[in-house]
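Chemist: In UniProt numbering, the protein residues as written are 1 to 314. A virtual CB, placed ideally from N, CA and C, is assigned to each residue, including glycine. In this text, all values refer to a predicted model and were calculated from it rather than measured experimentally. Starting off with a structure, shown below.
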Amino acid sequence: MTAPRSDGAEPEAQQPGSVEREFTVQQRSQWKTIIRRFTHHKPAMISMVVFFLLMVFAFAGPLFWKYKYDQVLKKPLGGNKDWIRPSWEHPFGISKGYDVFAQVMRGTQYSIRIALVVTVVSVSIGVAVGAISGYFRGFTDSVLMRFTDLMLVIPYLAAVAALQRNVKGSTWLWLALFLAMFGWMGIARVIRGEFLSLREKEFVEAARSVGASAPRIIFKHILPNTLGPIIVNATLAVGGAVLAEAALSFLGLGVKPPDTSLGKIIEVGKSKATTYPNEFWWPVLMLCLISLTINFIGDGLRDAFDPKQNRVRA
């Protein structure tokens, strides 16, 4: 109920546009608070720097390194070794005639590339399914959620491995798409819950009252207010995709020669993990760094977007 004015005049009715403008101002203030919380989250900020350095190492490093990942090197004079320990010339050593440093750069690049493609595709599918399901509800919601439940019970690594076996040639893009096909269900459920809540808010009712179409309400009014859960789930999806790709490549069902990935390098070097550990432990370290940094970034984003988080982490 609107309070009466002190001069005795009738109070002016609050227009739908004013409700929307007021919500926009509150949203801008909320984004400033989120950024402030995130920048004060020390583990997340350190992880951002480390992940940036990993990206530079993976994508810029091969442009300046003198050896290529697929370049077969000559064996040393008087030697007949497939594995050579690290030196100034080859910081990570040589394995089966290949420079391990160049291989790890290439493997890190492919692992990150696959993880980013998986994240973009899976998040896009999950957001679309969750938005449609949560906004329209009813029969549409039931059909989409039952399909989501069906996808959740499928062992995705086994399914991706079965699909991957039938693909010939360079397979990293196909591998990424197969992983994305089985990685969207979790975020779809999260976005559905957000839409079920937001569709009843005043700013959405105001948009309906002025005749806004369903697609406009979904994309212009509701979806921007679900960016928090989307960003958090996207960061977690990157870490999961890196580990899933590494697991498949380790089993020989992921990236295939002449290309390589961290999982493939680990699979090749596992037989010499104790005698010539450089090929095994360096990609393991890179894999751990990628997963840890992404998870710390996700933790920072989760704390920043948490409305119950009233204090800034020191």
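Hey, could you find the ends of the alpha helix (DSSP H) T108 is sitting in?
Modeler: Working through the sequence shown from its first residue, we reach residue 108 at position 108. Looking at the DSSP string, the run of the alpha helix (DSSP H) that includes T108 is V100 to F136.
Chemist: Count Cβ pairs between the segment 204-216 and the segment 169-179 that sit closer than 8 Å; are there 3 or more?
Modeler: No: fewer than three Cβ pairs fall under 8 Å.
Chemist: Which value, in whole angstroms, describes the spacing of the CA atoms of D141 and R189?
Modeler: To locate residue 141, count along the sequence shown from 1; it is residue 141. To locate residue 189, count along the sequence shown from 1; it is residue 189. Their backbone Cα atoms lie some 11 Å apart in a straight line.
Chemist: Output the boundary residues of the alpha helix (DSSP H) element that contains Q71.
Modeler: One-based indexing of the sequence shown puts residue 71 at position 71. Where Q71 is concerned, there is no enclosing alpha helix (DSSP H), given that its DSSP letter is neither H nor E.
Chemist: Whole angstroms are fine: how far does the CA of F51 sit from the CA of K272?
Modeler: Here residue 272 refers to the residue found at position 272 when the sequence shown is read from its first residue. Here residue 51 refers to the residue found at position 51 when the sequence shown is read from its first residue. Cα to Cα, K272 sits roughly 28 Å from F51.
Chemist: If you follow the alpha helix (DSSP H) that A304 is part of, which residue opens it and which one closes it?
Modeler: Taking the sequence shown and counting its residues from 1, one reaches residue 304 at position 304. Where A304 is concerned, the enclosing alpha helix (DSSP H) stretches over N278 to F305.
Chemist: What residue range does the alpha helix (DSSP H) around N225 cover?
Modeler: For this step, residue 225 is matched to residue 225 along the sequence shown. Element bounds for N225: n/a, residue is neither H nor E.
Chemist: Report the partner residues of I187 according to the DSSP bridge assignment.
Modeler: If you number the sequence shown from 1, residue 187 lands on position 187. DSSP, once it has assigned bridges, lists no residue as partnering I187.
Chemist: Looking at C-alpha atoms only, which residue of E194, R113, A158 and R165 is the closest neighbour of V129?
Modeler: By 1-based counting over the sequence shown, the position of residue 129 is 129. The shortest Cα separation from V129 among E194, R113, A158 and R165 belongs to E194.
Chemist: How many Å lie between residue 316 and S209 at the Cα?
Modeler: The chain is shown from 1 up to 314; residue 316 falls before or after that span and cannot be answered.
Chemist: Rounded to whole angstroms, what's the CA-CA distance from G134 to V127? Just pull it up for me.
Modeler: For this step, residue 134 is matched to residue 134 along the sequence shown. For this step, residue 127 is matched to residue 127 along the sequence shown. Going by the C-alpha atoms only, they are around 10 Å apart.
Chemist: DSSP puts I35 in a beta bridge; with which residues?
Modeler: In the sequence shown, residue 35 corresponds to position 35, counting from 1. In DSSP, I35 forms no bridge with anything.
Chemist: Would you call the segment 247-256 in contact with the segment 154-163, where contact means no fewer than 3 C-beta pairs closer than 8 Å?
Modeler: Cβ pair count under 8 Å is three or more, so yes.
Chemist: How big is the Cα-Cα spacing for T108 and R37?
Modeler: By one-based count along the sequence shown, residue 108 stands at place 108. By one-based count along the sequence shown, residue 37 stands at place 37. So the alpha carbons of these two residues sit roughly 30 Å apart.
Chemist: Buried or exposed for V49, please, with buried defined as at least 16 other CB atoms from any protein chain shown within 10 angstroms of its CB.
Modeler: Walking along the sequence shown from the start, residue 49 turns up at place 49. Label assigned to V49: exposed.
Chemist: State the start and end residues of the unbroken alpha helix (DSSP H) segment that holds F92.
Modeler: Position 92 of the sequence shown, counted from the start, is the residue given in the question as residue 92. Premise fails: F92 is in no alpha helix (DSSP H) and is neither H nor E.
Chemist: Please list, in chain order, all residues of the same chain as A304 whose beta carbon is under 6 Å from its beta carbon, the five residues on each side excluded.
Modeler: To locate residue 304, count along the sequence shown from 1; it is residue 304. If we look at A304 and ignore the five residues flanking it on each side, its Cβ neighbours are I34, R37 and F38.
Chemist: Spatial neighbours of L289 within its chain, please: CB distance less than 7 Å, with the 5 preceding and 5 following residues excluded, ordered by chain position.
Modeler: Along the sequence shown, one-based indexing puts residue 289 at 289. Closer than 7 Å at Cβ, skipping near neighbours: V50 and L54.
Chemist: Using the Cβ count rule (16 or more neighbours within 10 Å means buried), how would you classify I294?
Modeler: As a position in the sequence shown, residue 294 is number 294, starting the count at 1. When all chains shown are included, I294 counts as buried.
Chemist: Taking DSSP as the reference, what is the three-state secondary structure of residue 402?
Modeler: Residue 402 is absent from the structure shown; the chain starts at 1 and stops at 314.
Chemist: Who are the near neighbours of L152 in its chain, counting only those whose CB is closer than 8 Å to its CB and skipping five residues on each side?
Modeler: Here the question's residue 152 lines up with position 152 in the sequence shown. Result list for L152: M185, in chain order.
Chemist: So the candidates are V242, L150, K264 and W65; which of them puts its Cα closest to the Cα of W88?
Modeler: Looking up residue 88 in the sequence shown gives position 88. Among V242, L150, K264 and W65, the Cα nearest to that of W88 is on W65.
Chemist: As a quick exercise: from S124, P257 and N225, pick the residue whose alpha carbon is nearest that of Y98.
Modeler: For the purposes of this step, residue 98 is identified with residue 98 of the sequence shown, where counting begins at 1. Among S124, P257 and N225, the Cα nearest to that of Y98 is on P257.
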